[in-house]
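A.B. asks:
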Amino acid sequence: MELIKHPHPVMNAIRLLLIVTVLFSTLTRCKKDNGATPATSQTDLLVANNWRTVRVTTPDGQEINKNRLNLATQVLYDLNMQFRNNGTVRALDPKQSNSVINGGTWTLAADNQSIDVDVSGFKGNFPIVQLTKSKLILRQNAPVDGNKTDINLEFEPSL
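In this text, residue positions in the sequence shown follow my numbering: the first is 218, and each later residue adds one.
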């Protein structure tokens with residue numbers, strides 16, 4: 218009668234460890250989904266909301282009192298800006314059921330780093346400092362205390 222040898226317990230542990238290691242390395246090599254969503258385009262972000270001016274600041278973030286601004290900039294506080302997919306922009310008066318007060322056109326610059334706006338009283342190329350779902354900051358060169366200077370127009374979605 219032949220004796221059947223049973224594998225040594227240490228060999229069983231090594232085999233088990235090898236199998237677990239191979240299985241684990243196979244699983245971790247699989248591409249994992251980090252939950253990131255596809256990038257939203259600048260246009261999608263602009264047209265997703267009507268935007269209202271919440272403050273005007275210096276480029277380093279210091280708030281500028283409204284009475285130091287020229288009338289054209291002060292008026293922005295009273296309007297909601299609506300960028301539309303068809304390249305039009307409208308200034309809406311929230312105190313009059315969002316009736317259209319002014320309008321014009323807009324286009325993103327080729328590098329998506331600035332926006333060209335052509336609206337009466339608000340015309341020019343405005344560098345985009347920040348654009349997210351909840352914040353739009355445009356740079357403008359406008360009078361502060363009568364002297365032209367760079368300012369940031371900070372917008373948030375209007376309700």
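For each residue, glycine too, the CB sits at the ideal point set by N, CA and C.
Starting from the Cα of N302, find the closest Cα among D367, N266, N364, P276 and give me that residue.
C.D. replies: If you number the sequence shown from 1, residue 302 lands on position 85. Among D367, N266, N364, P276, the Cα nearest to that of N302 belongs to N266.
A.B. asks: Does P312 come out as helix, strand or coil in the three-state DSSP assignment?
C.D. replies: Taking the first residue of the sequence shown as position 1, residue 312 is located at position 95. Pro is not the amino acid found at residue 312; the sequence shown has Lys there. If DSSP states are grouped into helix, strand and coil, K312 belongs with the helices.
A.B. asks: Tell me, which residues are paired with T274 by DSSP?
C.D. replies: For this step, residue 274 is matched to residue 57 along the sequence shown. Per DSSP, E280, N369.
A.B. asks: Can you give me the C-alpha to C-alpha distance between N329 and G363, rounded to a whole angstrom?
C.D. replies: Position 112 of the sequence shown, counted from the first residue, corresponds to residue 329. Position 146 of the sequence shown, counted from the first residue, corresponds to residue 363. Near 31 angstroms, if we compare the C-alpha coordinates of G363 and N329.
A.B. asks: I want to know whether the region 346-353 touches the region 317-326 - three or more CB-CB distances under 8 angstroms.
C.D. replies: These segments do not touch.
A.B. asks: Determine the closest residue to Q299 out of Q291, N287, I318, with distance taken between C-alpha atoms.
C.D. replies: Counting from one through the sequence shown, the residue named residue 299 turns up at place 82. Residue I318 is the option with its Cα nearest to Q299.
A.B. asks: Tell me which same chain residues have a C-beta within less than 6 angstroms of the C-beta of L263, skipping the five on either side of it?
C.D. replies: As a first step, residue 263 must be located in the sequence shown, where it is residue number 46. Excluding residues within five positions, the ones whose Cβ falls inside 6 angstroms are F300.
A.B. asks: On the CB-based measure, 16 or more other CB atoms within 10 Å of its CB, does E371 come out buried or exposed?
C.D. replies: Translated into the one-based positions of the sequence shown, residue 371 becomes position 154. When all chains shown are included, E371 counts as buried.
A.B. asks: Would you mind working out which of S316, N315, L355, S314 sits nearest V334, comparing C-alpha positions?
C.D. replies: As a position in the sequence shown, residue 334 is number 117, starting the count at 1. It is L355.
A.B. asks: Mind reading off the beta-carbon distance from K352 to A359? Whole number of angstroms is fine, and I expect it under 8 angstroms.
C.D. replies: Numbered from its first residue, the sequence shown carries residue 352 at position 135. Numbered from its first residue, the sequence shown carries residue 359 at position 142. That pair is no contact at about 20 angstroms.
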